[in-house]
Amino acid sequence: KQEVTQIPAALSVPEGENLVLNCSFTDSAIYNLQWFRQDPGKGLTSLLLIQSSQREQTSGRLNASLDKSSGRSTLYIAASQPGDSATYLCALPGGGKLIFGQGTELSVKP
Amino acid sequence: DGGITQSPKYLFRKEGQNVTLSCEQNLNHDAMYWYRQDPGQGLRLIYYSQIVNDFQKGDIAEGYSVSREKKESFPLTVTSAQKNPTAFYLCASSLQGPNTGELFFGEGSRLTVL
Numbered sequence: 038k039q040e041v042t043q044i045p046a047a048l049s050v051p052e053g054e055n056l057v058l059n060c061s062f063t064d065s066a067i068y069n070l071q072w073f074r075q076d077p078g079k080g081l082t083s084l085l086l087i088q089s090s091q092r093e094q095t096s097g098r099l100n101a102s103l104d105k106s107s108g109r110s111t112l113y114i115a116a117s118q119p120g121d122s123a124t125y126l127c128a129l130p131g132g133g134k135l136i137f138g139q140g141t142e143l144s145v146k147p
Numbered sequence: 045d046g047g048i049t050q051s052p053k054y055l056f057r058k059e060g061q062n063v064t065l066s067c068e069q070n071l072n073h074d075a076m077y078w079y080r081q082d083p084g085q086g087l088r089l090i091y092y093s094q095i096v097n098d099f100q101k102g103d104i105a106e107g108y109s110v111s112r113e114k115k116e117s118f119p120l121t122v123t124s125a126q127k128n129p130t131a132f133y134l135c136a137s138s139l140q141g142p143n144t145g146e147l148f149f150g151e152g153s154r155l156t157v158l
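Chains as they are written, first to last, in our numbering: chain E, 38 to 147; chain A, 45 to 158.
Encoded structure:
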């Protein structure tokens with residue numbers, strides 16, 4: 038059974054710092070992995086989707102990597118800004134549905 | 045604009061009442077999903093539908109019902125049998141199943157039982 042873990046649960050950084058969010062999964066036979074952002078009281082916004090054949094995807098200041106052999110994905114945020122403050126979730130398919138991590142709540146201080 | 049529309053955004057219900065949450069998408073996606081989000085519990089799948097007129101129970105389907113009569117619509121009914129319905133409900137869709145494509149979410153509906 039696929040399990041997804043995100044550590045840490047919360048992270049606070051000063052503005053301008055580069056940072057890495059982690060996502061671990063137990064079954065390496067995955068089709069893809071998706072990173073989302075959720076602002077308080079809002080729905081989830083898709084950030085990046087990495088197919089199993091890819092090692093990374095980039096969008097602006099965001100870079101997501103995938104290492105199936107170690108069961109890990111990272112989301113790198115460059116030059117963080119207060120507007121990046123949100124909860125970040127990773128998710129991947131398992132048993133015909135998407136399985137989510139618990140998320141990392143990021144706070145970027147001005 | 046293409047996207048997923050959930051309504052209402054906020055809903056209050058008295059105990060014992062059924063309530064229906066609307067989810068409409070104009071992305072021409074085959075698959076649609078309902079998730080429930082509670083503080084500290086993450087997202088849990090209630091129901092999903094891969095195609096019109098077909099749907100499957102997720103992890104926490106008890107006390108909920110759905111229908112999929114049209115490709116673009118997947119309403120969720122929270123029945124009086126749901127013991128703890130106060131939560132944030134999220135609807136999502138994908139082109140095909142989650143194995144093949146990106147999932148997109150609506151803005152959510154917050155249900156409060158008084």
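Backbone N, C-alpha and C fix where the C-beta goes; we use that ideal spot for every residue, glycine too.
When Cβ atoms are compared, which residues of the region 71-87 of chain E fall closer than 7 Å to chain A?
Result list: Q71, K79, G80, L81, S83 and L86.
Output yes if chain E places a C-beta closer than 9 Å to the C-beta of A:Y92; else output no.
For this step, residue 92 of chain A is matched to residue 48 along the second sequence. Yes, its Cβ sits closer than 9 Å to a Cβ of chain E.
Between E:V57 and E:T141, which are expected to be in contact by the criterion C-beta below 8 Å, what is the C-beta distance as a whole number of angstroms?
Position 20 of the first sequence, counted from the first residue, corresponds to residue 57 of chain E. Position 104 of the first sequence, counted from the first residue, corresponds to residue 141 of chain E. Taking a contact as a CB-CB distance under 8 Å, the pair E:V57 and E:T141 does not count as one, their CB atoms being some 10 Å apart.
Taking contact to mean 3 or more Cβ pairs, one atom from each stretch, closer than 8 Å, check whether the region 82-99 of chain A and the region 129-147 of chain E are in contact.
The region 82-99 of chain A and the region 129-147 of chain E touch, with no fewer than 3 CB-CB distances between them shorter than 8 Å.
A:Q100 to E:C127 span [Cα, whole Å]:
Translated into the one-based positions of the second sequence, residue 100 of chain A becomes position 56. Translated into the one-based positions of the first sequence, residue 127 of chain E becomes position 90. When rounded, the distance between both Cα atoms is 23 Å.
Who are the neighbours of E:F137 on chain A, taking C-beta pairs under 8 Å?
The residue labelled residue 137 of chain E in the question sits at position 100 within the first sequence. Simply G86 and L87.
Mind checking if E:P147 is an interface residue toward chain A, Cβ cutoff 9 Å exclusive?
As a first step, residue 147 of chain E is located in the first sequence; it is residue number 110 there, counting from the start. For E:P147, not one C-beta of chain A is nearer than 9 Å to its own C-beta.
Closest to A:P83 by C-alpha separation, out of A:F118, A:A131 and A:S124, would be which residue?
Here residue 83 of chain A corresponds to residue number 39 of the second sequence, with the count starting at 1. It is A:A131.
What are the start and end residues of the beta strand (DSSP E) that includes E:N59?
Within the first sequence, the letter at position 22 stands for residue 59 of chain E. Run containing E:N59: L56 to F62, per the beta strand (DSSP E) assignment.
Taking Cβ positions only, does E:N69 come closer than 9 Å to chain A?
By 1-based counting over the first sequence, the position of residue 69 of chain E is 32. Residue contact check for E:N69 against chain A: a CB pair falls below 9 Å.
Span separating the alpha-carbon of E:Q39 from that of A:N143:
Position 2 of the first sequence, counted from the start, is the residue given in the question as residue 39 of chain E. Position 99 of the second sequence, counted from the start, is the residue given in the question as residue 143 of chain A. E:Q39 and A:N143 have their C-alpha atoms spaced approximately 13 Å apart.
Would you mind stating whether A:Q94 and A:Q50 have Cβ atoms separated by less than 9 Å?
Sequence index remark: in the second sequence, residue 94 of chain A carries index 50 (1-based). Sequence index remark: in the second sequence, residue 50 of chain A carries index 6 (1-based). If you check the CB distance, A:Q94 and A:Q50 do not come in under 9 Å.
Within the same chain, show all residues whose beta-carbon is closer than 7 Å to that of E:P147, passing over the 5 residues directly before and after it, in chain order.
Walking along the first sequence from the start, residue 147 of chain E turns up at place 110. Within the same chain, E:P147 has close Cβ partners E52 and P119.
Along the chain, where does the beta strand (DSSP E) that runs through E:G131 open and close?
Taking the first sequence and counting its residues from 1, one reaches residue 131 of chain E at position 94. That run of the beta strand (DSSP E) goes A123 to G131.
If you reduce the DSSP assignment to three classes, tell me which class E:G120 lands in.
Residue mapping note: residue 120 of chain E aligns to position 83 of the first sequence, counting from 1. When secondary structure is reduced to three states using DSSP, E:G120 falls in the helix class.
Within the chosen definition, does the region 61-74 of chain E reach the region 113-126 of chain A through at least 3 CB pairs nearer than 8 Å?
Contact between the region 61-74 of chain E and the region 113-126 of chain A is absent: fewer than three C-beta pairs spanning the two stretches fall below 8 Å.
Where E:R74 falls, given that 16 or more other Cβ within 10 Å makes a residue buried:
Stepping through the first sequence from its first residue, residue 74 of chain E is reached at position 37. Counting C-beta atoms within 10 angstroms of its own C-beta, E:R74 has 16 or more neighbours from the protein chains shown and is therefore classed as buried.
To the nearest angstrom, report how far apart E:T42 and E:W72 are at their CA atoms.
Walking along the first sequence from the start, residue 42 of chain E turns up at place 5. Walking along the first sequence from the start, residue 72 of chain E turns up at place 35. About 13 Å.
In chain order, what residues of the same chain have a beta carbon less than 7 Å from the beta carbon of E:Q139, not counting five sequence neighbours either side?
For the purposes of this step, residue 139 of chain E is taken as residue 102 along the first sequence, with counting starting at 1. Around E:Q139, the same chain offers Q43 and A46 as residues with beta carbons nearer than 7 Å, after the five sequence neighbours per side are excluded.
A:F118, DSSP secondary structure in three states
Within the second sequence, numbered from 1, the residue matching residue 118 of chain A stands at position 74. The answer is coil: DSSP assigns A:F118 none of H, G, I, E or B.
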